Amino acid sequence: MALLLTSVTLYSLEKPGNSKKVTAYRVNEKISIDGKLSETIYQTITPITEFIQRDPDEGKPATERTEVWTFYDDYNFYVAAKLYDSKPDSITKILGRRDNFLASDYFGFAIDTYLDRRNAFFFLVNPAGSIIDGQFFNDSWDDETWDGVWDYAVSLFDSGWCVEIKVPFSQLRFKNLEEQIWGINFYRRLNRNKEEDHFIYVPKRENGFVSHFATLTGIKGIKQKQRIEFLPYAAGKAQYLIHDPLDPFYKKNQYQKNLGVDFKFGVGSNLTIDGTINPDFGQVEVDPAVINLSAFETFYNEKRPFFIEGRNFINFGNGGSNSNFSFNWPNPQIFYSRRIGRAPRTPVEHNGYIDYPNETRILGATKLSGKITNDWSIYFLNAFTERTYAQIDSQNVRFDQEIEPFTYYGVFRTQKEFNSGKQSVGLISTAVIRDNQDPFIDSRLVRSATTIGLDGWTYIDKEENYVFTGYIIRSQQTGSNNSIRRLQEAPQRYFQRPDAEKYKLDTTRTNFSGYAGRFALNKQKGNFYLNSAFGFISPEFDVNELGFQYKADVLNSHLVIGYRWFNPDGITRWKNIHFAVFANSDFEGNLTNKGLMFFGGFQLMNFYSFNLDFGYAPQVYDKDLTRGGPLVIRPTAYWYSFNFESDESKDFVVEFGLHGEHLVTGMKGINSSISFEWKPNSQLNISFEPQYEYTLNKTQWITKIDDIFAIKTYGSRYIFGEMTQKTISANIRLNWTFTPKLTLQLFAQPLFSVGSFSNIKELAEPRTHNFNVYGVDRGWIIKGPDNDFEIDPDGSDSAPSFILSNPDFNTKSIRVNAVLRWEFLPGSSLYFVWTQDRMNLDNPGTLSFKRDLKNLFNSDSNNILMLKLTYWLDI
């Protein structure tokens, strides 16, 4: 993300802030936001003009003159700029949807309204009127998901372009003082020169960004009015789905309507209460299709605005440091907001036609967020989901089954900084409390799940080259012995493992608690780079009720050293090289991963970028392959990846990636992708990203068969196959911007994934990588007329034969999503959305693109049409 710092973190040699000062002047005349800069104030105030290049010639004066004015009235803060250009015909003007950083000219600014030197709002406008806004946090990280309500206008003149920006004070958060003192910085991009100019220039070898801002003074006598905003919505949905014509529930679910409201209340000048009543959390943009053959859940990004806004306050465990490398570190995410309103997880216990809700309705949610003081932030979220029922029609007899209990979700986060941000300590706590009245639900879902944790950082030298960060957190769940058993048997830990020595399955437990933590040292200034960390996740640690965690029982450490060149040398603009070593074990002392890795990259003078990495991992133990069975050996492995990207500012951009993984036993996986982005004119952007993946997995999990004669493997046979998988997919996007406030987005994802199995086999003995192939090493295997396999594992009468369903697959799908969005008033929008998906599973095990494409488009489809209106009210 380029934005104000083009993805490179910056910092200050002076603390706090920069010695430069900017004055904002009170204006008494009416300011017309038309981009023409015709008011008297532009002739009476001396503009700011001192801009320094960060790129391409770091530290040199900007090549074009920029004039900036800052002023205010009782209700608004204004920034205006006159951007001279010696080649006005070459100004890049591209229309794009909001928050999409374009290969265009830009002007923008960022303001640190608390003067905490870590957080800031930013606003950018390009010559076509496309905008980006968002927030900086942790001094240099940016998040453009915050959308404020502000006004702007641009105009062209003979020698350049002008921009006026008006930000209502109601959209900002600041202290209730007679005189405001803020931090500020200004930014300009000249696209044709790849030039990035800053009012406050920070050398690339330094670190941070917001902490370096100039000091803004002069704002006096303003009062932040009591902030009261409402955002009511009305939504209608029509669903034309694949269904059984006799399904009695289809018609009642085909057409749906919904009403609700979001609201904001200011609490003093620093805190905001956000709330929602009967929220519409239907996603406008669909999740991509995924073929997941692992035992672990797929992670999807949050797209619901209520949960996105303010999430900078809940950044946990990695503040203070700008780099957090994770070499085989399965970092648990303490708060994963998609847990709230998730699809119910309790299956129905009866046969018949079933009306099963896709999500759990959120009755209401509120959150309090903001800053108590300059250096003390708070975030407190509460949400309630309703008791949810599935309706079942069994031979024309209807009855309900509860599938999700009434549930409370809570998140509390607070963080305090000391000594101008040199140290910090924070606390986080989450809670899930369920009203498990139904015994069947109580056997599957825990009654309560809580976490509490501490985090913080401290700089350890006067020059702030080195920062030490860390966190520790404890989790606890209570529930029935069956629900706790499900936690013990989950893929994160597999306590049912028959060769477990210390952490074993206990079916009598009704509580479950564990701990996790990580501590890291990071050198983040200068050319030489160092990062080291040690982390631990106990076997009984679990945050999946309100977080996201795919691994437990981990001890992890790594060391990274590297060198970075920031300045052009006539061949490259920048380059870096790094070397890392890492190791993992479990709490029983089994070495589960270790290795070393080389990675680096460079950018040529023509702005073509290259990145390469290579890794080597010797033989270790694998706890996941048998999915609850004994340990096995994972043979020596190595991997590599290569990425190339052409100049992203051009009308046609190419990006290529290649990734490969190999085991010495012959297993291999290769993933290649190429992306084309074409901008035929200033309003249209088309991208096409085809991808091909080939996998030869000689030990792909199939199933487990209990057999008392399987003595060496503890009375069970762990069945695998040699799987050859080929996947062809593409992400196709079209963004058509008619005006900055009227846009059309189209997304399509075709996917073809075929897997064929051969050499069906079983694990020969634990703590090895030895397998017995049926029909070759032991027993016999016969393929039946329905493509099922009959298998006798030992070829004698001792062990019984069993039937194995054909594991081959041929999954074909396509998802299409079109969104027409019109922002007819600031903060108010009308959406029209069409979503279609279709799937076909014919011809498992064989790939024929022509045949499979025909089968896919001959299949029935699901179609959903949605119309949604939101209207912003500022009381």
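Start counting the sequence shown at 2; every next residue gets the next number (this note's numbering).
We put the beta carbon where it would ideally sit given N, CA and C, even for glycine.
All values reported here derive from a predicted model rather than from experimental measurement.
Spatial neighbours of Asn591 within its chain, please: C-beta separation below 6 Å, excluding the five flanking residues on both sides. Tyr622
Suppose only complete runs of 4+ residues qualify. What are the alpha helix (DSSP H) ranges in the segment 306-342, listed by chain order? 306-309
How would you write the range of the alpha helix (DSSP H) that Ser484 sits in, first residue to last? 482-489
Taking the CB atoms as reference points, tell me whether Glu387 and Leu369 lie closer together than 8 Å. no
Using the Cβ count rule (16 or more neighbours within 10 Å means buried), how would you classify Phe529? exposed
Please state if the CB of Tyr354 and the CB of Arg250 are separated by a distance shorter than 8 Å. Checking the sequence shown, residue 250 turns out to be Phe, not Arg. Yes, they are a contact pair.
Would Gly601 and His579 qualify as a contact pair, given that the criterion is a beta-carbon distance under 8 Å? The Cβ atoms of Gly601 and His579 lie closer than 8 Å to each other.
Does the count of Cβ pairs from the segment 136-148 and the segment 182-189 closer than 8 Å reach three? no
Where does Gln692 sit, in a helix, a strand or coil, going by DSSP? strand
Ignore the nearest five residues each way along the sequence and tell me which others in Ser683's own chain have a CB closer than 7 Å to its CB. Lys94, Ile95, Leu96, Ala129
With 16 as the cutoff for other CB atoms within 10 Å, does Arg718 come out buried or exposed? When all chains shown are included, Arg718 counts as buried.
Mind reading off the beta-carbon distance from Leu455 to Ile473? Whole number of angstroms is fine, and I expect it under 8 Å. 6 Å
Following the continuous alpha helix (DSSP H) through Lys253, name the residue where it begins and the one where it ends. 251-255
Are Gln392 and Asp439 close, meaning C-beta to C-beta below 8 Å? In this structure, Asp439 does not lie closer than 8 Å to Gln392 by Cβ.
Rounding to the nearest angstrom, what Cα-Cα distance links Pro48 and Ala104 in this structure? 27 Å
Thr45 - DSSP class collapsed to helix/strand/coil: helix
With the cut-off set at 8 Å, would you say Asp401 and Tyr409 are in Cβ contact? No. Outside cutoff.
For Ala584 and Ser425, what's the separation of their Cα atoms in angstroms? 29 Å
Given this structure, state the Cα-to-Cα distance separating Thr67 from Ala82, to the nearest angstrom. 7 Å
Check Ser717 in the structure and name its three-state DSSP category. Shown here, Ser717 sits in a strand according to DSSP, grouped into three states.
From which residue to which residue does the alpha helix (DSSP H) around Asn856 run? 850-859
Whether Ser814 touches Leu752 by CB criterion (8 Å): yes
In this structure, what does DSSP give as the bridge partners for Met867? Lys238, Val834
Exposed or buried, Gln227, counting other C-beta atoms within 10 Å across all chains shown (16 or more means buried)? exposed
From the beta carbon of Asn352, is the nearest beta carbon of chain D less than 8 Å away? Annotation note: the requested chain D is absent from the structure, which comprises a single protein chain.
Is Pro741 closer than 8 Å to Ser131 when the C-beta atoms are compared? yes
For Val544: DSSP bridge partner residues: In the DSSP assignment, Val544 is bridged to no other residue.
Buried or exposed: where does Lys205 fall if 16 or more other Cβ atoms within 10 Å of its Cβ makes it buried? buried
What would DSSP say about Asp443, mapped onto helix, strand or coil? helix
Other residues of its chain near Trp835: CB distance less than 6 Å, five sequence neighbours each side excluded: Ala819, Leu866
Are the CB atoms of Lys423 and Thr459 within a distance shorter than 8 Å? In contact: Thr459 and Lys423 (Cβ atoms closer than 8 Å).
Under 8 Å: do the segment 821-836 and the segment 856-874 share three or more Cβ pairs, one atom per stretch? yes
Compare the beta carbon distance of Glu763 and Ile720 with 8 Å and say whether it is the shorter of the two. yes
Below 8 Å on the Cβ atoms is my contact criterion, and I expect Arg486 with Thr508 to pass it. Report the Cβ-Cβ distance as a whole number of Å. With 8 Å as the limit, Arg486 and Thr508 qualify as a contact, their Cβ atoms being about 5 Å apart.
Using C-beta distances below 6 Å, list every residue in its chain close to Asn19, excluding the 5 sequence neighbours before and after it, in chain order. Ile201, His213, Ala215
Drop a sphere of 10 angstroms on the beta-carbon of Thr451, count the other beta-carbons inside from all chains shown, and report buried for 16 or more, exposed for fewer. buried
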